[in-house]
Structures are given as structure tokens and as C-alpha cells.
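Read top to bottom, the protein sequences are chains A and B.
Residue numbering for the first sequence follows our numbering, starting at 239 and increasing by one per position.
Residue numbering for the second sequence follows our numbering, starting at 239 and increasing by one per position.
Number of protein chains: 2
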Amino acid sequence: MLDELKSLKEQLLFQEKFEHGYFKNIVIAGMGGSGIAGSIFSEIYDESPVEVVSDYTIPAYVNSDTLFIAISYSGNTEETISAYREAERRGAQTAAITSGGTLGKICRKSLIIPGGLQPRSALGYMLVPLISSLMHDHSKDLKEASKVVENIDSMNDRIKEEAAVLVKAKKLPVIMGFKPFKSVAYRWQTQFNENSKLLAFSASFPELDHNQIMALESSYGKENLAFYYFSGASGKVKERIKFTIDLTGIEAKQIPVEGSSRIAQIMHLVHYGDYFTYYAALERNIEPREVTTIEKLKKLLSQF
Amino acid sequence: MLDELKSLKEQLLFQEKFEHGYFKNIVIAGMGGSGIAGSIFSEIYDESPVEVVSDYTIPAYVNSDTLFIAISYSGNTEETISAYREAERRGAQTAAITSGGTLGKICRKSLIIPGGLQPRSALGYMLVPLISSLMHDHSKDLKEASKVVENIDSMNDRIKEEAAVLVKAKKLPVIMGFKPFKSVAYRWQTQFNENSKLLAFSASFPELDHNQIMALESSYGKENLAFYYFSGASGKVKERIKFTIDLTGIEAKQIPVEGSSRIAQIMHLVHYGDYFTYYAALERNIEPREVTTIEKLKKLLSQF
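What follows is the structure, given as C-alpha cells:
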């Protein structure tokens with residue numbers, strides 16, 4: 239698993255792109271560790287509408303004006319394949335990012351990425367081609383991102399300690415994000431699920447100030463939860479975080495962001511969470527790579 | 239509060255529409271109890287891309303091809319007003335749904351809805367104009383929706399009992415949705431937050447089968463959570479719900495859906511949650527209407 243984590247710095251320098259023509263909107267289909275590449279991309283790209291679909295079906299508006307990108311690391315995710323076939327039928331411009339599998343076969347324009355990793359450990363291979371193919375040159379930012387994640391690879395004792403504190407207290411994490419780190423908060427949630435086999439939850443400012451704040455103040459059970467938020471907010475959102483903590487009296491730990499570009503900051507926080515959830519697994523004596531129940535479920539569904 | 243809940247059946251027969259011209263995409267800005275109208279709408283409308291913005295800023299693609307709809311029940315939500323002003327500057331076609339306030343003044347094309355309710359109790363007034371103005375005639379479905387919510391108004395002892403079970407066990411709810419009830423799961427979450435002052439969480443099939451399922455099986459702390467899912471799934475998603483519960487051994491309670499049209503089913507589940515969270519508040523001896531901390535936060539922010 240550590241080898242997989244340490245491959246992210248190289249993944250961020252991945253050079254491959256996919257070709258595309260003119261489009262009016264983008265739909266990205268992907269589930270779990272593959273879908274998160276689409277969600278992170280949709281937070282940094284906003285030149286046209288982007289919808290991330292994590293389901294079997296696609297919206298009615300998908301047609302020849304749509305650039306449809308299927309992302310499945312294995313290439314065998316049934317929801318993504320189903321969505322891809324529907325997009326083809328609708329005449330959408332299609333592309334795929336995959337290490338092979340069925341998707342690699344049926345999509346003529348597949349961008350084939352290196353295989354052999356857990357999908358959630360291959361985020362760089364799935365995210366970088368989206369950025370390189372659809373945004374202005376961000377190679378400088380991606381180099382910076384590679385640098386900041388390498389720094390975490392070489393120094394993460396503090397993260398290990400924080401993970402141990404969480405697990406020893408038997409608390410479940412709640413990660414509070416804000417734009418452009420909403421998807422990062424969700425990434426942490428899913429990494430806690432898969433790596434640490436822990437339930438975890440995410441929310442975002444300023445939305446949570448319109449509902450969750452009422453519960454943060456006086457819900458029972460909040461003593462069983464550990465709250466985390468990211469540094470790096472500015473303006474009103476920064477004030478909101480401060481006031482929300484003050485007014486509700488929750489204990490919330492700040493996760494420090496590093497890097498100057500948005501992409502580097504995002505990848506720093508992603509990788510911080512990768513290590514946090516990896517160490518939380520070790521602290522629980524749990525194998526972080528193991529996802530037997532997901533495999534069992536796939537087998538059951540294939541018989542259906 | 240009961241009066242507010244019972245007004246939903248009339249809200250669903252609300253006849254007002256807003257005018258609009260040709261557009262290529264829709265952006266809806268709204269926070270909390272107002273934003274949820276946009277989220278529910280985006281799950282049933284898919285003729286063009288819809289993005290729901292719950293933030294101060296709007297995506298770069300917003301221009302004269304965009305129909306921008308600001309929803310703020312009070313008309314004074316700072317994020318929504320900020321997003322609205324930006325959309326005006328970009329030359330978007332703008333509309334607003336509000337009971338008045340600043341938004342009612344600055345938006346020439348405001349659809350003014352009846353005031354005096356808690357925003358979260360005015361969902362019908364905010365959702366129905368979106369449906370009536372942007373979709374083919376759904377008056378039959380809205381009538382059916384009005385009927386099914388009225389049925390809940392007149393018979394909800396079972397919901398009261400279920401709420402008492404949750405609160406007595408001091409568990410926090412996790413609501414599992416699926417399309418087109420993903421936003422309903424989130425609505426329940428926020429109603430637990432505001433009405434019952436309870437932390438609550440939501441997730442959706444099939445996405446959760448790619449991550450959360452690992453934690454459902456072996457996370458510590460799951461004994462402090464109560465899992466709920468909606469009936470009415472079909473095909474693969476139905477199988478997934480069954481297999482997920484079987485494989486992980488969680489105790490998950492089914493919330494029955496009623497109604498034949500999608501809109502009626504959605505509103506049935508919404509209203510079920512309205513009562514569930516209302517009764518959970520009473521069981522905790524908490525005033526469901528009270529949202530003092532949100533008011534305090536607004537005051538603090540206005541000084542900033």
C-alpha cells in the first residue's frame with residue numbers, strides 16, 4: 239500500500255491526453271475511486287457545465303453537443319459501462335480513461351493508463367488527463383502538486399499521530415470542506431471507508447451553516463464524532479468556519495493546506511487524507527488494501 | 239409547526255410561474271431549505287444541464303445562454319444575493335423565487351411567494367414554480383403529490399413511533415437514497431439538523447457500494463447509527479440494497495414510498511421526513527421551529 243501511495247507523485251506528471259472536438263457540455267461517468275477524479279475536476283474547471291454521473295443512466299440532454307468521458311480504473315464497472323453505452327447511442331462524443339477491461343475494448347478513444355493499483359490509489363492517472371486535455375496548460379501546477387505530495391511521502395509522522403488519536407478515541411470522522419475542497423472532503427470520507435473500514439461523513443461550508451450548525455450545537459452523540467476542517471479559507475468562508483466553531487463549541491481540528499496553486503493544494507489535502515486513512519487502518523490492525531465485501535457484492539450482482 | 243407542515247398540500251397546487259426565453263443551461267443558486275428545491279428539481283429535470291450552486295460565486299460558464307434562478311425564501315441570503323449579482327453582471331437571463339427581501343427588490347423578474355413560514359416549510363412554493371415553468375404539464379402529478387402528503391397529515395402515528403424509537407436509542411440517522419430520491423435523503427439529513435437538532439448523514443446507492451459498504455461491515459461506532467432506506471427501487475439498485483444489507487449485517491429500516499408519479503413519490507418521502515424529524519424534536523423536548531444559532535451567525539457575519 240505504501241508503494242501505491244508513493245506513486246502519486248509520478249502519476250501527477252503523467253503526460254497522456256485524449257483528443258476531443260467542440261462541445262457544449264461535459265458529462266463524466268465514474269463510481270467510487272474513479273468517480274472522484276471527475277468530482278475534483280468539476281471543482282476546478284468551470285468553462286462549461288460539467289455533470290458527474292455515478293449511476294447506470296445518463297441525463298436526457300446528452301447528445302452530440304456533449305463530451306462524455308467514462309472513467310473506470312478496472313474498465314469493468316457495470317454502472318459506468320451502462321452509462322457509456324447509452325452515451326454512444328445518443329451520439330455523444332465519447333472518451334474513456336481506464337487501465338483496460340471491457341471499457342478499454344468498447345471505447346475506441348480509450349486513454350489507457352497503467353494498471354495494477356487499487357482504483358483509489360490511481361487518482362493521479364485519472365485526474366491529470368482531464369486537466370491536461372481540457373484546461374489551459376497547468377504543467378507548472380502539476381509539478382508543484384507532485385512536489386507537495388512527495389513532501390508528505392517523506393514526512394508524515396504527524397499524520398500518523400493524528401490517526402492514532404482518532405482510532406484510540408473510537409471516534410468517527412466528519413470532514414468539513416469548502417470550495418474548491420468539497421470533493422476532497424468526500425475523498426477523505428471514502429478513503430476512511432475503504433482503507434480504514436470506518437464510517438465517515440463530509441459536509442461543506444457555507445451550506446452546513448444553514449442546517450448542520452443547529453445539530454453541531456446540541457445533538458446527542460456528537461462526542462462520538464471527530465470534526466476536521468481544512469485551512470486555506472478566505473473572506474466570508476473563513477469567518478464562517480471560525481464563528482461556526484465558536485458558536486457550537488465543537489472541537490474541530492484544522493488540517494493544514496500547502497502549495498500555492500489550487501491543484502497543488504487539492505492534491506496536498508488528498509494525500510494528507512490518503513496517509514491519515516492508511517495509518518488509521520494500521521492502528522486498527524486492518525489491511526488497508528482489502529476490499530473483499532465489494533468483490534463479494536460484484537459476484538452476487540453478476541449472477542443477477 | 240404543525241400548521242406549517244399541513245400547508246404543503248396547498249403549496250403543491252401553487253399556480254404561479256416565471257417567464258423565460260431560450261437557454262442552453264440552468265444554474266440555480268440557493269442555500270439550505272431554499273437550495274433543496276433546486277436539488278430536487280435537478281433530479282427530475284434533465285432536458286438541459288442544471289447546476290445547483292450553494293456558494294457565493296458562480297461558475298465561469300454562466301453567460302447569456304444561462305437561465306439563472308436565485309431561490310431564497312427570505313430574499314436576504316447573502317450567498318444567493320452575491321451569486322445573483324454576479325449572474326446579472328454576466329448577462330445571464332435571471333429569475334428569482336422569494337417571499338421578498340433584498341432579492342425581491344433587486345430582481346425585476348422575481349416570483350413573489352407567500353411569506354411567514356420557515357424556509358424549510360416552504361419547499362412546495364419554491365419547487366412547484368420550477369416544475370411548472372420549466373417542464374411539460376405536471377399538474378396531474380402535483381395533484382397526486384398534494385393528495386399523498388395530505389394522507390400523511392391525517393395519519394402519521396407510525397412515523398411518530400419510529401421517531402421515538404430513534405431518539406430513545408440515542409442513535410444518529412443515516413439515510414440511504416437512490417435516484418430520483420438522492421436529494422430527498424439529503425432533505426431528511428437537513429430536517430434532522432434543523433428540526434430535531436440532530437446530526438444526520440446521507441448517502442446514495444449505487445455509489446455507496448463502492449466505498450461505504452466496507453465500513454458498514456466493520457466500522458466501530460455503527461451501533462450508534464440508525465440506517466434508513468427508501469422503498470421503490472427497481473432492477474440492479476433494488477438488488478444492491480438487498481445484498482448490501484445482507485453482506486454487511488446492518489439493521490436498516492425501510493421507509494415506504496407511496497404515489498405513482500415520481501413527483502408524488504418524492505413529496506411523499508419528503509413529507510414523511512418532515513414528520514419524522516418533527517416528532518424526533520418533540521421526543522427530545524426541543525422546539526422544532528427554533529434556529530437561534532443560525533440567526534446568531536447571521537448577525538456575527540453582518541458585522542464582518
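Virtual Cβ for every residue (Gly too), placed ideally from N, Cα, C.
Model, not experiment: these values are computed from the prediction.
Asked                                                                                                                                                   : Found
Using the C-alpha atoms, what's the distance from B:Pro-444 back to B:Ile-501?                                                                          : 21 Å
The beta strand (DSSP E) that contains B:Ile-266, what's its start and end?                                                                             : 263 to 267
For B:Leu-200 and A:Gly-511, what's the separation of their Cα atoms in angstroms?                                                                      : For residue 200 of chain B there is no data in the structure shown, the boundaries of chain B being 239 and 542.
Would you kindly check if the distance between the Cβ of A:Ala-325 and the Cβ of A:Val-300 is under 7 Å?                                                : yes
By the three-class DSSP mapping on this structure, what secondary structure does B:Tyr-491 have?                                                        : The sequence shown places Lys at residue 491 of chain B, not Tyr. Strand.
Counting C-beta neighbours from all protein chains within 10 Å, is the total for B:Gly-354 16 or more, i.e. buried, or is it exposed?                   : exposed
Who pairs with A:Ser-348 in a beta bridge, going by DSSP?                                                                                               : A:Ala-334
Could one say the Cβ of B:Ala-490 lies closer than 7 Å to chain A's Cβ atoms, at least one of them?                                                     : no
On the CB-based measure, 16 or more other CB atoms within 10 Å of its CB, does A:Val-396 come out buried or exposed?                                    : Rather than Val, the amino acid found at residue 396 of chain A in this sequence is Arg. Under this definition A:Arg-396 is an exposed residue.
Have a look at A:Thr-531, A:Gly-259, A:Val-412 and A:Val-422 and flag the residue whose alpha-carbon is nearest the alpha-carbon of A:Ala-333.          : A:Gly-259
Determine whether the Cβ of A:Ile-451 lies closer than 7 Å to any Cβ atom of chain B.                                                                   : yes
Is B:Ile-307 helix, strand or coil by DSSP?                                                                                                             : strand
Of all the CB atoms in chain A, is at least one closer than 7 Å to the CB of B:Pro-444?                                                                 : yes
Which residues share a DSSP beta bridge with B:Gly-415?                                                                                                 : B:Ser-442
Which of the residues in the stretch 508 to 533 of chain A, read from start to end, lie with their CB under 9 Å from any CB of chain B?                 : Arg-522, Ile-524, Glu-528, Val-529, Thr-530, Thr-531 and Ile-532
Check whether the Cβ of A:Ala-544 lies closer than 7 Å to any Cβ atom in chain B.                                                                       : Because chain A here runs from 239 to 542, residue 544 of chain A falls outside it and cannot be looked at.
Can you list, in chain order, the residues of its chain whose CB lies under 7 Å from that of B:Leu-463, leaving out five sequence neighbours each side? : Lys-409, Leu-410 and Val-412
With a threshold of 7 Å between beta carbons, is A:Asp-284 in contact with chain B?                                                                     : yes
Would you verify that the beta carbon of B:Pro-287 is, or is not, closer than 7 Å to some beta carbon of chain A?                                       : yes
Which bits of chain B does A:Gly-459 rub up against, with CB to CB less than 9 Å?                                                                       : Lys-408, Lys-409, Leu-410, Leu-436, Leu-437, Asn-462 and Leu-463
Just to confirm, are B:Ser-434 and B:Ala-518 a CB contact at a threshold of 7 Å?                                                                        : yes
Just reading off the beta strand (DSSP E) that A:Phe-465 is part of, what are its end residues?                                                         : 463 to 468
Where DSSP assigns a beta bridge to B:Val-291, which residues make up the other side?                                                                   : B:Ala-267
Would you say B:Ser-348 lies against chain A (beta-carbon separation less than 7 Å)?                                                                    : no
Quick one: is A:Glu-455 near chain B, going by C-beta distance under 7 Å?                                                                               : yes
Does the beta-carbon distance from A:Thr-318 to A:Ser-312 come in below 7 Å?                                                                            : no
If you draw a straight line from the alpha carbon of A:Ile-504 to that of A:Phe-514, how long is it in whole angstroms?                                 : 15 Å
How far does the alpha helix (DSSP H) with B:Lys-409 in it extend, from its first residue to its last?                                                  : Where B:Lys-409 is concerned, there is no enclosing alpha helix (DSSP H), given that its DSSP letter is neither H nor E.
Would you mind stating whether A:Asp-303 and A:Lys-347 have Cβ atoms separated by less than 7 Å?                                                        : no
Given this structure, state the Cα-to-Cα distance separating B:Leu-372 from A:Arg-327, to the nearest angstrom.                                         : 26 Å
Could you confirm whether any beta carbon from chain B is found closer than 7 Å to the beta carbon of A:Leu-404?                                        : no
With a threshold of 7 Å between beta-carbons, can A:Gly-270 be considered close to chain B, or not?                                                     : yes
With 7 Å as the threshold, decide whether the Cβ of A:Asp-375 is near any Cβ in chain B.                                                                : no
Suppose you measure from the CA of A:Phe-419 to the CA of B:Phe-430; what does that come to, to the nearest Å?                                          : 25 Å
What does the Cβ neighbour count give for A:Gln-249, buried or exposed, with the cut at 16 atoms within 10 Å?                                           : buried
Mind checking whether A:Val-422 and A:Leu-539 have CB atoms under 7 Å apart?                                                                            : no
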